[in-house]
Amino acid sequence: MVFLKGVSALSRLTSRVKQHSSLSNSVRWLQTQTSSDIDLHSQLKELIPEQQERLKKLRAEHGKVQLGTITVDMVIGGMRGMTGLLWETSLLDPDEGIRFRGLSIPECQKLLPAAKPDGEPLPEGLLWLLLTGKVPSKVQVDALSQELRDRAVVPDYVFKAIDALPVSAHPMTQFATGVMALQVQSEFQKAYEKGISKTKYWEPTYEDALSLIARVPLVASYVYRRMYKDGKFIPMDDSLDYGGNFSHMLGFSSPQMHELMRLYVTIHSDHEGGNVSAHTGHLVGSALSDPYLSFAAALNGLAGPLHGLANQEVLLWIKSVVDECGENISKDQLKNYVWKTLNSGKVVPGFGHGVLRKTDPRYMCQREFALKHLPDDPLFKLVSQLYEVVPPILTELGKVKNPWPNVDAHSGVLLNYFGLTEARYYTVLFGVSRSIGICSQLIWDRALGLPLERPKSVTMDWLENYCKKAKAA
Ligand code: NMX
Ligand code: MLT
């Protein structure tokens, strides 16, 4: 059924482009593109064979090339610094930060189509980029927006599954429950049960991935409205794009909040493959669990305070600073508060990173957004003060490898400013965004025929004996 919907969506999209052909900039575009170019699925179909060949050649020619040494520290220390995953959609440089298919965040802001002149990138454009490695035109992005709206249908039993939970349940629990209930519609599961050939796995994975991305904003906004707005739900607006619609369904209609949501969803979407949520999604997917099962698992990793839940922790922590010291806090008071947090055995949320060694560019672009839209907000000023105060203290601790702020240090004050004040909900927003990166890579995982993930584990006994033998040799 979903396949059929895709076909009818395609003909609608084609006619939309024909209608647009009277616009001068679209005419120029139409002269250089074939009609299949506005269909993401067709683009992927063209790209996949060449990428399969590329991987085959890489393996045949360089399969035995060593990428580094595995140390005991790495095995005990959460595999930090160990290269062990293939992840096509993005790559993280410790100093420079994330690049999506080779493009930095400022480059994405410049190159990806926006809803308005000089506006923030549309997340649909980022999805196109992650999947194809190509910067889409506005027409392509509009077509994808329409396709996602067409797919955004959530069965009633999903909402009923959420309703079975206490309204006080953590928003991430409610959200992940909703995603699990969406799994009932998995096209991959159906196709596998019918005996689909390996060579075609990517097709139903694509169907599930796109439908999942389209549907999670509805599930997420249902959770928000259920918890905080007396269950008064707001239907989707067919004239809005993905980020604008998500903001609208949550109940925020200001154009600035729509822009923030576009930026937010774009920058949180993907952070190479080793972070807990992406890695979990990839691992579970490697068992040929469908995208819904894989992404629900990823969400449970995102819900941990050292990972995605840190955005909730940051705003709660900032509010605790204000509660104790007021908004006009001096640098010394702030230093004392940071030390108090550290001395009580807690981390300073929003600072540090497993890979990054400089300020996260996702922090910087949110800071620029704040300087443009809310320069005088007291909580933004506090975040700016923390940028000065926290890194020297973490450096003084002597053990923190990266004292600089990460993405989560900034997002909460922006949302809070525009009225989304419920910090416990913040990780759900991160989750909606992360569906784009994880699902894009899942499509490529199946297209490239990546195998079951199954690294070797060892015991302390094994390590001790190995090291003794290595010393004696
Ligand atoms: N505050 C206090 N201590 C810290 C911090 C921090 N912000 N960051 C690292 N440390 C400690 C860390 O707990 C560890 O201590 P111990 O040896 O006593 O266990 C030590 O410094 C060395 O840790 P690192 O190697 O620097 O960091 P690691 O790669 O293990 O962990 C994080 C990375 C992100 C988990 C860690 O920096 C952290 O806990 N930060 C605060 C939570 C946070 O902001 N998480 C969000 C990350 C981004 N995201 O969205 O997922
Ligand atoms: C992420 O966006 O996933 C976080 O920054 C954590 C990470 O990359 O490890």
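Take 1 as the starting number for the sequence shown in the UniProt record's numbering and just add one per residue. From the three backbone atoms N, C-alpha and C, an ideal C-beta is built for every residue, glycine too.
If you drop the 5 nearest sequence neighbours on each side, which residues of the same chain put their C-beta closer than 7 Å to that of Leu429?
Once the five neighbours on either side are set aside, the close Cβ partners of Leu429 are Tyr264.
Shorter than 7 Å, the distance from the beta carbon of residue 482 to the closest heavy atom of ligand 1, or not?
The first residue shown for the chain is 1 and the last is 473, placing residue 482 beyond what the model contains.
Just mark Tyr224 as buried or exposed, buried being the case when its beta carbon has 16 or more other beta carbons within 10 Å.
It is buried - the Cβ of Tyr224 has at least 16 other Cβ atoms within 10 Å.
Quick one: what's got a C-beta closer than 8 Å to Ser320's C-beta in the same chain, skipping five residues either side?
Cβ within range, chain order: n/a, list empty.
What separation, rounded to the nearest whole angstrom, lies between the Cα atoms of Tyr441 and Arg434?
The residue you asked about is not Tyr; residue 441 is Gln in the sequence shown. Taking the straight line from one Cα to the other gives about 11 Å.
Terminal residues of the continuous alpha helix (DSSP H) containing Gly244?
Residues Tyr242 to Leu250.
List the residues that DSSP assigns as beta-bridge partners of residue 475.
No answer is possible for residue 475: it lies beyond the span of the chain, which begins at 1 and ends at 473.
Where Leu374 and Phe233 are concerned, what is the direct C-alpha to C-alpha distance, given to the nearest angstrom?
Going from the Cα of Leu374 to the Cα of Phe233 covers about 28 Å.
Which one of Leu379, Asp360 and Leu452 has the shortest CA to CA distance from Asp95?
Taking only the C-alpha atoms, the option nearest Asp95 is Asp360.
Take Ala278 and list the residues in its own chain whose beta-carbon comes closer than 6 Å to its own, dropping the five residues that flank it on each side.
Excluding its 5 nearest sequence neighbours in each direction, Ala278 has C-beta neighbours in its own chain below 6 Å: Ile438, listed in chain order.
Of the listed residues His282, Arg215, Asn343 and Gly304, nearest to Val158 (C-alpha basis):
When only C-alpha atoms are compared, the closest one is Arg215.
Is the closest heavy atom of ligand 2 to the C-beta of Ser440 under 7 Å?
Outside the cutoff, so no.
Does the stretch 186-194 come within contact of the stretch 285-302, defined as at least 3 CB pairs closer than 8 Å?
The stretch 186-194, when compared against the stretch 285-302, does touch it at the 8 Å Cβ threshold.
With respect to 7 Å, is the separation between the Cβ of Lys358 and the closest non-hydrogen atom of ligand 1 below this value?
Answer for Lys358: no, Cβ out of range of ligand 1.
Residue range of the unbroken beta strand (DSSP E) whose run includes Asp93
For Asp93, the enclosing beta strand (DSSP E) covers residues Ser90 to Asp93.
Can you give me the start and stop residues for the beta strand (DSSP E) that Arg99 sits inside?
Bounds of the beta strand (DSSP E) holding Arg99 are Gly97 to Phe100.
Might you give, ordered along the chain, the residues of its own chain that have their beta carbon closer than 8 Å to the beta carbon of Val179, omitting 5 neighbours on each side?
Excluding sequence neighbours, Val179 sits near Leu212, Val216, Val219, Tyr292, Phe295, Ala296 and Leu299.
With a floor of 4 residues, list each alpha helix (DSSP H) that falls wholly inside the stretch 210-292, ordered by position along the chain.
Runs of the alpha helix (DSSP H) lying entirely within the stretch 210-292 and spanning at least 4 residues, in chain order: 242-250, 255-268 and 276-286.
Anyone know if the C-beta pair for Thr83 and Gly68 falls short of 8 Å?
Against a cut-off of 8 Å, the Cβ pair of Gly68 and Thr83 comes out as a contact.
Count the other C-beta atoms from every protein chain shown that fall within 10 angstroms of the C-beta of Ala181, then say buried if there are 16 or more, exposed otherwise.
Looking at its Cβ environment, which holds 16 or more other Cβ atoms inside 10 Å, Ala181 is buried.
Straight-line Cα distance separating Leu356 from Asp93
Taking C-alpha positions only, Asp93 is separated from Leu356 by approximately 7 Å.
Per DSSP, which residues does Pro121 bridge with? Please list them.
For Pro121, which the question treats as bridged, DSSP gives the partners Ala114.
Length of the line joining the Cα atoms of Phe369 and His268
Going by the C-alpha atoms only, they are around 15 Å apart.
For the stretch 345-353 and the stretch 390-409, state whether three or more C-beta atom pairs, one from each stretch, are separated by less than 8 Å.
Enough Cβ pairs lie closer than 8 Å, so yes.
Any heavy atom of ligand 1 closer than 7 Å to the beta-carbon of Gly102?
Checking the Cβ of Gly102 against ligand 1 gives no.
Of the residues Ala447, Gly326 and Met460, the one placed nearest Leu55, counting alpha carbons only
Checking every option, the nearest Cα to that of Leu55 belongs to Ala447.
Taking just the CA atoms, how far does Tyr242 sit from Val432?
Rounded to whole angstroms, Val432 to Tyr242 spans 11 Å at the Cα level.
Provide the residue(s) that pair with Leu103 in DSSP beta bridges, ordered along the chain.
Leu103 pairs with Phe100.
For ligand 1, any of its heavy atoms closer than 7 Å to the Cβ of Leu299?
No; taking the cut-off as 7 Å, the Cβ of Leu299 has no heavy atom of ligand 1 nearer than that.
Ligand 2 and Ser433: does any heavy atom of the ligand fall closer than 7 Å to the residue's C-beta?
In terms of side-chain proximity, the C-beta atom of Ser433 is found no nearer than 7 Å to any non-hydrogen atom of ligand 2.
Within 10 angstroms of its Cβ, does Gly345 collect 16 or more other Cβ (buried), or is it exposed?
Result: exposed.
Buried versus exposed, by CB contacts within 10 Å (16 or more), Ser239
Label assigned to Ser239: exposed.
Looking at the unbroken alpha helix (DSSP H) that takes in Ser433, where does it start and where does it end?
Unbroken alpha helix (DSSP H) run through Ser433: Tyr426 to Ala447.
Counting pairs of beta carbons, one from the stretch 193-200 and one from the stretch 304-314, are three or more of them closer than 8 Å?
No: fewer than three Cβ pairs fall under 8 Å.
Does the stretch 112-124 come into contact with the stretch 245-263, if we say contact requires no fewer than three beta-carbon pairs (one atom in each stretch) closer than 8 Å?
Yes, the stretch 112-124 touches the stretch 245-263.
Going straight from the alpha carbon of Ala164 to that of Met249, what length do you get?
Approximately 22 Å between the Cα atoms of the pair.
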